[in-house]
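Asker: One structure, pasted below without further comment.
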Amino acid sequence: MSESVKDHRTLKWHAGIAVSEVEHLAVEEPLEIRLGGRRFTLTMRTPGHDEELAAGFLLAEGFINSWEELGEIRRLRDSQGRPDPNALDVVLNVPSAGLRERL
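Position one of the sequence shown corresponds to residue 126 (our numbering), numbered consecutively onward.
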């Protein structure tokens, strides 16, 4: 099963009888996007394809004008050095002066 879907056991009533069933629920978690190590935005998303989501967000919102302006997208690490599933840092190939105008 995908990381964006979880099974959840429920009780439903059918003809006066409680029946246990499994529901498939969409998972929603926060994603923090940083630019050059500085907090930029926080958005809710279904987990998976986070790098593509961050790149598409920056392009759609006009923070980058082309894919060439996208440098690197890396997963942040938690206090124990493990990849943080809910945080990315994006490095852009855009001069900081030009980026400030877009922000």
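Here a beta-carbon is modelled for each residue, glycine too, at the ideal position from N, C-alpha and C.
Let me know if Ala179 comes out buried or exposed under the rule of 16 or more other beta-carbons within 10 Å of its beta-carbon.
Answerer: By the neighbour-count rule (16 or more Cβ atoms within 10 Å), Ala179 is buried.
Asker: Is there contact here, the region 158-165 with the region 207-219, by at least three beta-carbon pairs under 8 Å?
Answerer: yes
Asker: Alpha carbon to alpha carbon, what distance is there between Phe182 and Asn190?
Answerer: 11 Å
Asker: Beta strand (DSSP E) containing Glu197: first to last residue?
Answerer: Leu195 to Arg202
Asker: In terms of residues, what are the limits of the alpha helix (DSSP H) holding Phe165?
Answerer: Here Phe165 belongs to no alpha helix (DSSP H); instead the beta strand (DSSP E) covers Arg163 to Arg170.
Asker: Could you pull the DSSP bridge partners for Glu148 from this structure?
Answerer: His133
Asker: According to DSSP, what are the bridge partners of Trp192?
Answerer: DSSP, once it has assigned bridges, lists no residue as partnering Trp192.
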